[in-house]
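J.: Keeping their order, the protein sequence lines are chains A and G. Note that our numbering gives residue 73 to position 87 of the first sequence, counting from 1, and the numbers run on in steps of one. Residues are numbered in our numbering as their position in the second sequence, beginning at 1, plus a constant of 8.
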Amino acid sequence: MPIVRMTPHLYQFFPKLENRTITVPVGSVAEVLSAVNEIAPGFTDYVLDEHGTLRRHVNLCINDTIIIDKKTLSDRVPEDGTVYIFQALSGG
Amino acid sequence: MSDMIIVGTRKGTVIFDRINSNWRPRQITHAGIPVCYAARDPRDGTLWASLDHGHWGPKLSRSRDRGATWEDVMSVKYPKGARYIVKYLPTPDFDPSAPTAQPEYADATVYKIWNLAFGNASQPGRLYAGTIPGGLFVSDDGGDSWELNRPLWNHDSRGGDLFTGDATTENRWFGTPASIDYGVFEPGIHSIIIDPRDSCHIYVAVSSAGILETTDGGQTWTGRNRGMLNDYMPNPEAEWGHDPHFLTSCFEQPNNLWQQNHCGVFYSDNGAQSWNKVSMPDVGVHFGFPIAVDANDGQTAWVVPAQADSQRMAIDGSLSIARTTDGGQSWQSFRSGLPQDNAYDIILRHGLDVAGDYLCFGSTTGNVYLSEDRGETWQCLGNNLPPIYSVRFG
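(1) For leucine 97 of chain G, count neighbouring Cβ atoms within 10 angstroms of its own Cβ and tell me buried if that reaches 16, exposed if not.
(2) With a CB to CB cut of under 8 Å and the five nearest residues on each side skipped, what residues in its chain are close to serine 328 of chain G?
(3) Please go through the same chain and pick out, in chain order, the residues whose beta-carbon is closer than 7 Å to the beta-carbon of leucine 156 of chain G, but skip the five residues on each side of it.
(4) Here's a check: name, in chain order, each residue in its chain whose Cβ is nearer than 6 Å to the Cβ of arginine 134 of chain G, leaving out the five neighbours to either side.
(5) What residue range does the alpha helix (DSSP H) around alanine 16 of chain A cover?
(6) Hey, could you find the ends of the alpha helix (DSSP H) threonine 176 of chain G is sitting in?
(7) May I ask whether a heavy atom of the ligand ADP can be found less than 8 Å away from the beta carbon of asparagine 157 of chain G?
(8) List the whole-angstrom C-beta distance separating leucine 255 of chain G from phenylalanine 297 of chain G, where the pair is believed to meet the contact cut-off of C-beta under 8 Å.
(9) Could you work out which residue in A:Ser20, A:Leu46, A:Gly38, A:Thr68 is closest to lysine 57 of chain A when comparing CA atoms only?
(10) Name the residue from G:Arg70, G:Ala129, G:Gly402 whose alpha carbon lies nearest to the alpha carbon of arginine 205 of chain G.
(11) My understanding is that tyrosine 113 of chain G touches leucine 170 of chain G, with C-beta atoms under 8 Å, so please give their C-beta distance in whole angstroms.
(12) Compile a chain-ordered list of the residues in the segment 55 to 70 of chain G whose CB is closer than 9 Å to at least one CB of chain A.
(13) Could you round the C-beta distance between arginine 34 of chain G and isoleucine 41 of chain G to whole angstroms and report it? I think they count as a contact, below 8 Å.
(14) Strictly under 9 Å for the Cβ-Cβ distance: is threonine 58 of chain A near chain G by that measure?
(15) In terms of residues, what are the limits of the beta strand (DSSP E) holding threonine 7 of chain A?
(16) Using DSSP's beta-bridge definition, name the partner residues of proline 141 of chain G.
(17) Distance cutoff 9 Å, beta carbons only. Does lysine 88 of chain G sit that close to anything in chain A?
(18) Hey, how far is the Cα of glutamate 260 of chain G from the Cα of valine 15 of chain G?
(19) Specify the secondary structure class of arginine 331 of chain G as computed by DSSP and reduced to three states.
(20) So if DSSP puts serine 257 of chain G in a beta bridge, which residue, or which two residues, is it bridged to?
(21) In three-state terms, what does DSSP make of valine 192 of chain G?
(22) What's the C-alpha gap between valine 44 of chain A and histidine 63 of chain G?
(23) With distances taken between CB atoms, is the gap from serine 338 of chain G to threonine 332 of chain G smaller than 9 Å?
(24) Which whole-angstrom value describes the C-beta separation of isoleucine 200 of chain G and valine 212 of chain G, a residue pair presumed to lie in contact below a C-beta threshold of 8 Å?
(25) Along the chain, where does the alpha helix (DSSP H) containing phenylalanine 29 of chain A start, and where does it finish?
(26) Which of the three DSSP states is assigned to valine 291 of chain G in this structure?
(27) Give the range of the alpha helix (DSSP H) segment to which leucine 160 of chain G is assigned.
(28) Starting from methionine -8 of chain A, follow the beta strand (DSSP E) in both directions and report where the run begins and ends.
(29) Alpha carbon to alpha carbon, how far is threonine 222 of chain G from tryptophan 229 of chain G?
(30) Starting from the Cα of alanine 303 of chain G, find the closest Cα among G:His270, G:Thr177, G:Asn263, G:Ala330 and give me that residue.
(31) Reducing DSSP to helix, strand and coil, say where leucine 59 of chain A ends up.
(32) Return the Cβ separation of serine 165 of chain G and tryptophan 248 of chain G in integer angstroms, given the expectation that the two are a contact with Cβ distance under 8 Å.
(33) Distance check for threonine 117 of chain G and glutamate 36 of chain A, CA to CA, integer angstroms please.
(34) For aspartate 98 of chain A, would you say it is in contact with chain G, using Cβ-to-Cβ distances shorter than 9 Å as the test?
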């Protein structure tokens, strides 16, 4: 099953995601995030805007490749894939 | 007498408590997160903070135990179909008289929850939130759910109802520079005033559009910009495109409204039916961001003068506050206790508040100053806070 890893910044808002391996069913990126949201309600509000689009300053990779479809999140996550969620570095 | 000051900073919320006549700061909360506005609901004591996450989107946080613990609140969200006409920063060859090209539309998303306002005591669950890009949201359940006020969003001055089709009128709202942080140039609602006599009577101030009023609980809105002058526009008396930096009103005399505008200080004694420019550049009262008005006397107001829009800092390196007690016909400056050398503070639009004889302001330089005698003398509560966005008495 795909694995989801994320920046530790998100653990301060969703402590139940910390210190565990997050595995989710195979599917699109949208479906993967929805599965994480099942574990930690409200999670997708942090990563996506109200239209389901990836927030401007959030990056999302499948293995080492940044996803192509940031609008509808249709990129497919393979069985052995790892989704990485991290912030685009900015600010001071 | 107020015993709490809530300060929203670039790195979290700092609360000062008045203990044995001394103001003491607590340890910062929301540590590391920009807090663009924080305030206490006077009806039930709930504390609110608007979190301006750089990466994770705007969020609201709420405390029902005087700040001991905080909880996330359902995000304010635009409904499906909410669109706006995209604005771009004017380029050097911008020609305001040139024919308008076909409008470009964008789906609305909340960039910033810039202001919160609390309903009257007769509406205990009612809250308002003003956003960039220019939406007014209303909650009737204490902030658990929010709904966009569509008549304002669909106002003719913004292009009409874009839920059902393309623009039917021209969009006359401009962007606020405060939106550029988010990579856009869109308007923002930063001031919301509910008439204490009538909950259906509300004003909002929009940067950069102007003042709008509703007298029917938000079903219809009317521009209230007569008398305002807009020096940077081809027509300074244009109905729209004004940049009020902050709007406030007198609690006991709500027809007395004040705004610190990009183009001066403006006062209305007739419920914003018309405005009078009451700037006095000779005494430094002209440019700035915040303004505060006495709760009982609508002719008494305070501003923190700044040099100019091209030099957003204290005048001549010297920090002062100016007070009028006659509706802006005269202003008196006070400096005692404030730094008079090498001070370059700027106080943002929500960075000044008044409660009875108390005034407090905080600057982007991280300084907090308090007066307990209506602005005449000042004490410093802290010099090393993060840049300050908001100061409100609790």
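Using N, Cα and C, we set each Cβ at its ideal position, and we do this for glycine too.
T.: According to the structure shown:
(1) By 1-based counting over the second sequence, the position of residue 97 of chain G is 89. The residue is exposed, with fewer than 16 neighbouring Cβ atoms inside 10 Å.
(2) On the second sequence, residue 328 of chain G is found 320 positions in, with the first residue counted as 1. So the qualifying residues of the chain are Gly292, Val312, Pro313, Ala322, Ser341, Phe342, Arg343, Leu346.
(3) For the purposes of this step, residue 156 of chain G is taken as residue 148 along the second sequence, with counting starting at 1. Hits under 7 Å: Tyr86, Pro87, Ala90, Gly143, Phe145.
(4) Within the second sequence, the letter at position 126 stands for residue 134 of chain G. The residues are Gly127, Asp148.
(5) Working through the first sequence from its first residue, we reach residue 16 of chain A at position 30. Looking at the DSSP string, the run of the alpha helix (DSSP H) that includes alanine 16 of chain A is 15 to 25.
(6) One-based indexing of the second sequence puts residue 176 of chain G at position 168. That residue, threonine 176 of chain G, is in no alpha helix (DSSP H); it is neither H nor E in DSSP.
(7) Among the ligands in the structure shown, none appear at all, so the ligand ADP cannot be discussed.
(8) As a working mapping, residue 255 of chain G is identified with position 247 in the second sequence. As a working mapping, residue 297 of chain G is identified with position 289 in the second sequence. In fact, because the Cβ distance is near 12 Å, the residues do not count as touching under 8 Å.
(9) Position 71 of the first sequence, counted from the first residue, corresponds to residue 57 of chain A. Ranking the options by Cα distance to lysine 57 of chain A, first place goes to A:Gly38.
(10) As a position in the second sequence, residue 205 of chain G is number 197, starting the count at 1. Measuring from the Cα of arginine 205 of chain G, the nearest candidate turns out to be G:Ala129.
(11) Counted from its first residue, the second sequence places residue 113 of chain G at position 105. Counted from its first residue, the second sequence places residue 170 of chain G at position 162. Confirmed, Cβ separation roughly 7 Å.
(12) His61, Gly62, His63, Trp64, Gly65, Lys67
(13) What you label residue 34 of chain G is simply residue 26 of the second sequence in a count that begins at 1. What you label residue 41 of chain G is simply residue 33 of the second sequence in a count that begins at 1. The pair is not a contact, with the Cβ atoms about 16 Å apart (cut-off 8 Å).
(14) The residue you call residue 58 of chain A lines up with position 72 of the first sequence. No, threonine 58 of chain A lies away from the interface with chain G (no Cβ there is under 9 Å from its Cβ).
(15) Numbered from its first residue, the first sequence carries residue 7 of chain A at position 21. Note, threonine 7 of chain A: premise wrong, no beta strand (DSSP E); not H, not E.
(16) What you label residue 141 of chain G is simply residue 133 of the second sequence in a count that begins at 1. DSSP lists no partner for proline 141 of chain G.
(17) Taking the second sequence and counting its residues from 1, the one referred to as residue 88 of chain G is at position 80. Lysine 88 of chain G counts as touching chain A.
(18) Within the second sequence, residue 260 of chain G is the residue found at index 252, counting from 1. Within the second sequence, residue 15 of chain G is the residue found at index 7, counting from 1. Whole-angstrom Cα-Cα distance: 25 Å.
(19) Taking the second sequence and counting its residues from 1, one reaches residue 331 of chain G at position 323. Looking at arginine 331 of chain G - three-state DSSP - the assignment turns out to be strand.
(20) As a working mapping, residue 257 of chain G is identified with position 249 in the second sequence. In the DSSP output, where bridge partners are listed per residue, serine 257 of chain G has G:Leu265.
(21) The sequence position of residue 192 of chain G within the second sequence is 184, counting from 1. Coil at valine 192 of chain G, not helix or strand.
(22) By 1-based counting over the first sequence, the position of residue 44 of chain A is 58. By 1-based counting over the second sequence, the position of residue 63 of chain G is 55. Those two C-alpha atoms are separated by around 6 Å.
(23) As a position in the second sequence, residue 338 of chain G is number 330, starting the count at 1. As a position in the second sequence, residue 332 of chain G is number 324, starting the count at 1. The answer is yes: Cβ separation under 9 Å.
(24) In the second sequence, residue 200 of chain G corresponds to position 192, counting from 1. In the second sequence, residue 212 of chain G corresponds to position 204, counting from 1. The pair is a contact, with the Cβ atoms about 5 Å apart (cut-off 8 Å).
(25) Along the first sequence, one-based indexing puts residue 29 of chain A at 43. Per DSSP, phenylalanine 29 of chain A belongs to the alpha helix (DSSP H) from 29 to 33.
(26) Here residue 291 of chain G is taken as the residue at index 283 of the second sequence, counted from 1. Of the three classes helix, strand and coil, the one that applies to valine 291 of chain G here is helix, per DSSP.
(27) Taking the first residue of the second sequence as position 1, residue 160 of chain G is located at position 152. Its alpha helix (DSSP H) spans residues 158 to 161.
(28) Translated into the one-based positions of the first sequence, residue -8 of chain A becomes position 6. Unbroken beta strand (DSSP E) run through methionine -8 of chain A: -11 to -8.
(29) Numbered from its first residue, the second sequence carries residue 222 of chain G at position 214. Numbered from its first residue, the second sequence carries residue 229 of chain G at position 221. If I take the Cα positions, the gap works out to 5 Å.
(30) Locating residue 303 of chain G in the second sequence gives position 295, where the first residue counts as 1. Measuring from the Cα of alanine 303 of chain G, the nearest candidate turns out to be G:Asn263.
(31) The count along the first sequence starts at 1 and reaches residue 59 of chain A at position 73. It is coil, neither helix nor strand.
(32) Numbered from its first residue, the second sequence carries residue 165 of chain G at position 157. Numbered from its first residue, the second sequence carries residue 248 of chain G at position 240. That pair is a contact at about 5 Å.
(33) Position 50 of the first sequence, counted from the start, is the residue given in the question as residue 36 of chain A. Position 109 of the second sequence, counted from the start, is the residue given in the question as residue 117 of chain G. Roughly 6 Å between the two C-alpha positions.
(34) What the structure shows of chain A is the stretch from -13 to 78, and residue 98 of chain A is not part of that stretch, so it cannot be assessed.
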